[in-house]
Structures are given as C-alpha cells and as structure tokens.
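Numbering (full-length UniProt numbering), first residue to last: 1 to 246. Note that CB positions come from ideal geometry on N, CA and C, so glycine has one too. Treat the numbers as computed from the prediction; the structure is a model and nothing was measured.
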C-alpha cells in the first residue's frame with residue numbers, strides 16, 4: 001500500500017519538505033499572518049537550474065499571477081524574496097510558507113522543486129509549492145474536510161518509511177482548527193490537496209493528484225489578494241508589469 005502522493009513530511013518551517021529525522025464558491029486554507037503585503041513585488045530567484053527548468057517554473061508560477069494583486073519578478077541573482085532551487089535527485093518539493101521565507105538564511109533556498117523524473121505532475125507540484133509561498137496551507141487538512149481516511153493504513157505507510165505516528169497525525173490525519181486558519185468551503189479539487197490511493201480511503205475510492213489550479217483556488221486567492229479592476233488599477237497594473245519585465 002502506498003499513498004498516491006508521497007507524504008512529504010514538513011520540516012520545522014518548510015511545508016512538504018522531507019524531514020531529516022517530522023463565500024461558498026471560494027475554497028482554501030490560509031494562514032493570514034503569513035500573507036505578503038497587498039500589491040507587493042516579489043522577487044523570485046531561480047537557482048542552479050537549466051533554462052528548461054526555469055521556463056517550466058515561470059510558466060506554472062504565472063498560473064497564479066492573474067488571480068492576485070501581487071507582481072512576480074524573476075531574477076537570476078540569489079537575493080530574492082523567494083529563492084527556488086532545482087533538485088535533480090528527487091521528485092519531492094517543499095516550500096516555506098508565505099512571509100516565513102524571511103526567516104530562511106539568505107544563503108539558502110526557500111523552495112525546492114524535484115526534477116528527477118519530470119512528468120505532468122511536475123507542473124502541479126510547482127503550482128502547489130508556490131501556493132505555499134503565497135501563504136496557503138494543505139487543503140486535505142481543512143477543518144471541514146470530507147475525507148474518510150483509514151488511519152491505520154496511513155500509520156502503516158508511515159512506519160514502512162521509518163516515520164512516526166506523530167508525523168502522520170501532523171501531515172495527514174489531524175485537521176486544522178478553525179481558530180488557526182482562514183478558510184472557505186472545502187475543495188477536493190484544490191492544487192493544495194494531496195492525492196490518496198484507494199487503499200487508504202475507507203470508501204475504496206482514490207483521490208487523484210490534482211495537476212492544475214481549481215476554480216476554487218483561483219477564487220480564494222483573489223479574495224486574499226484582490227486585483228484592482230478599476231480603470232486606474234488596470235493602468236497601474238500594466239505599468240508595473242511593464243517595468244518589472246524590462
């Protein structure tokens with residue numbers, strides 16, 4: 001038995017990182033205190049990667065761009081607000097959550113994307129990890145989630161990979177409390193939701209790994225970073241994006 005998506009255990013700060021030893025139409029889960037200031041220009045460093053990897057990362061980060069009031073400026077120097085490294089030895093990914101990236105040592109990345117065997121899931125992984133970089137949490141831990149998970153199967157899977165029940169509780173089994181996060185309606189189609197094989201679902205129905213932003217993802221991120229669609233707002237948006245791209 002194995003999970004459809006590898007259960008990438010969060011380290012102390014990054015989300016999805018392998019541990020070295022742990023409005024009705026809007027959907028999502030976010031830590032409000034880790035959101036970036038509205039209308040921020042976020043510098044994004046692309047570190048130690050090929051031109052093809054850079055292009056794939058840019059393309060998938062920009063899937064978020066039309067749905068926020070943030071501006072993304074990609075740079076090759078290592079002094080970005082968000083610093084992304086390619087890891088050719090794994091398929092896993094991880095990211096610091098939102099403004100927590102400011103706590104990362106300046107010499108280290110704040111996000112890693114695995115490129116060991118690029119596939120259709122790589123694009124979704126980039127979108128997922130950048131969702132964390134915008135402040136989003138895991139959708140499968142939504143306080144109002146509708147998941148009938150076989151806990152013992154999850155514990156067995158974790159044990160087979162030398163991981164603890166406590167890690168399983170943290171990553172999969174225990175949902176967030178409403179007091180700790182800002183949420184909207186639970187969205188199983190969210191890019192922030194893990195996939196699960198049928199073996200770990202009590203109803204026997206697998207939850208497939210999402211590979212693109214859901215409508216709920218787009219609506220929720222718009223509610224957090226609302227674009228200014230006034231004539232002046234659109235003019236400023238065009239001017240700023242033009243300056244960023246020069």
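Annotation for residue 124: the continuous alpha helix (DSSP H) segment containing it runs 120-133. In this structure, residue 93 sits near residue 113, with a CB-CB distance shorter than 7 Å. The three-state secondary structure of residue 83, taken from DSSP, is strand. Secondary structure note for residue 216: its alpha helix (DSSP H) is the uninterrupted segment 215-224. C-alpha of residue 50 to C-alpha of residue 179: approximately 42 Å in a straight line.
Secondary structure note for residue 158: its alpha helix (DSSP H) is the uninterrupted segment 151-160. Inclusion of residue 29 and residue 183 in the CB contact set at 7 Å is warranted, their separation being smaller than that value. Under a 10 Å Cβ-count criterion, residue 135 is classified as buried, with 16 or more other Cβ atoms of the shown protein chains found around its own Cβ. Residue pairing by DSSP leaves residue 98 without any beta bridge partner. In the displayed model, residue 242 falls within a helix according to three-state DSSP. Rounded to whole angstroms, the separation of the alpha carbons of residue 236 and residue 190 is 30 Å.
Under DSSP, residue 47 forms a beta bridge with 85.
Remark: C-beta atoms of residue 104 and residue 48 do not approach each other more closely than 7 Å. From the listed residues 141, 225, 168, 72, the smallest Cα separation to residue 153 is found for 168. For residue 168, the enclosing alpha helix (DSSP H) has its first and last residue at 165-168.
If you compare the alpha carbons of 192, 126, 143 with that of residue 57, the shortest gap goes to 126.
Cα atoms of residue 181 and residue 81: separation of roughly 23 Å, rounded to the nearest angstrom. With 16 or more neighbouring CB atoms inside 10 Å of its own CB, residue 139 falls in the buried class.
In this structure, the CA atom of residue 39 is about 12 Å from the CA atom of residue 67.
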